[in-house]
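Engineer: Dumping the structure here so I can ask a few things about it.
Residue numbers (our numbering): 13 to 364.
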């Protein structure tokens, strides 16, 4: 194994493959592709500040390069490159500190660009022009406005075109070597749906209940408690024999259910107190419960109606599941591919 892979392995042990890497690379690649130029520029930052946080800085000029951080094959990465690549983060940092994880991201983008060039990938002037036109249009820039923004960051239009070209090439190599190797089958999608069905819940199960509530007065004697048990059993018996629930609620229930003729309401699972919840979701419409004792009294329930939970259909969520599985598999393929680039490249880190 070359020095490049040794350093790469050390990075993995010390930092891990941060989830932020994947998002950063994808954002950087697409930001110059035809699709990503549709993203609006953050209003609080200069137009090119957003762009340059994502783009390589090898074309930049007008800044002092005070030290070399790394070499990738025969190309150098300077602290000036690193600062421009990570502008938003470095402005918040102190001194000349270098975040190894961010440096690694810059190195890996270099490796991808070199691989694309080694493989002879090309992009047309038409593609480059279209990408720049998309960017200008989406950010309400004139040609003069673009050139002015570039100038503020030490670039001219020709150097900017070089950056755009390089990013398009990276997008191409990722499409060929990573995306094309990610395969998702219908059986995998079906399995994910079955194993994660709760994620696709559309409407929860709910019950509609009536209840008679007998309040146990504070400090009730044993005799009073016994009398209440007998009364509750008698009322439940009448209801099971077909007595009108509304009438008995008006006659025997304590408030507030008496005024509502026993109508308790509609509830989803887990929203009632546990003794009532456990009983209600085992009943069928029309069922009358036995007396259910709670802390301050006793309930007698009637299940008015029950609605089963519903889920989005597999066909409806198939595109979403495909995207989720694709991202998970793509991450692993991308990791393996990047590892291979490290192994066949010569990378020297000059930063301790």
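We put the CB at the ideal spot given by N, CA and C, even for glycine.
1) With 16 as the cutoff for other CB atoms within 10 Å, does residue 177 come out buried or exposed?
2) Rounding to the nearest angstrom, what Cα-Cα distance links residue 327 and residue 118 in this structure?
3) Is residue 351 helix, strand or coil by DSSP?
4) Quick check: the Cα distance between residue 162 and residue 144, rounded to an integer number of angstroms?
5) Determine, using beta-carbon pairs with one atom in the segment 336 to 344 and one in the segment 186 to 195, whether at least three such pairs fall under 8 Å.
6) Quick check: what's the CA-CA separation for residue 79 versus residue 338?
7) So does residue 142 have its beta carbon nearer than 6 Å to some heavy atom of the ligand NAD?
8) Who does residue 117 pair with in a DSSP beta bridge?
9) If you count every other CB in all the chains shown that lies within 10 Å of the CB of residue 213, and 16 or more means buried, which is it?
10) Taking buried to mean at least 16 other C-beta atoms within 10 Å of its own C-beta, is residue 340 buried or exposed?
11) What residue range is occupied by the uninterrupted beta strand (DSSP E) comprising residue 90?
12) Between the C-alpha atoms of residue 216 and residue 325, what's the straight-line distance to the nearest angstrom?
13) Buried or exposed: residue 5, going by 16 or more other Cβ atoms within 10 Å of its Cβ?
14) Taking the alpha helix (DSSP H) that residue 380 falls in, what are its first and last residues?
15) Residues in the same chain with beta-carbon distance under 7 Å from residue 275, minus the five sequence neighbours each way, listed in chain order, please.
16) Helix, strand or coil: how does DSSP classify residue 295 here?
17) Please report the residue range of the beta strand (DSSP E) in which residue 280 lies.
Structural biologist: Put simply:
1) Label assigned to residue 177: buried.
2) CA-to-CA, the gap between residue 327 and residue 118 works out to about 41 Å.
3) Residue 351: helix per DSSP, three-state reduction.
4) When rounded, the distance between both Cα atoms is 13 Å.
5) In this structure the segment 336 to 344 touches the segment 186 to 195; the number of beta carbon pairs closer than 8 Å is three or more.
6) Whole-angstrom Cα-Cα distance: 40 Å.
7) Of the ligands one can find in the structure shown there are none, so the ligand NAD has no counterpart to examine.
8) Residue 117 is not bridged to any residue.
9) It counts as exposed.
10) Exposed: under 16 other Cβ atoms inside 10 Å.
11) Per DSSP, residue 90 belongs to the beta strand (DSSP E) from 87 to 90.
12) When rounded, the distance between both Cα atoms is 15 Å.
13) In the structure displayed, the chain extends from 13 to 364; residue 5 sits before or after that span and is not available.
14) Here the chain has residues from 13 to 364 only, and residue 380 is not among them.
15) For residue 275, the CB contacts under 7 Å within the same chain, skipping 5 residues up- and downstream, are 222 in chain order.
16) Looking at residue 295 - three-state DSSP - the assignment turns out to be coil, as it is neither helix nor strand.
17) Start and end: 275 to 280.
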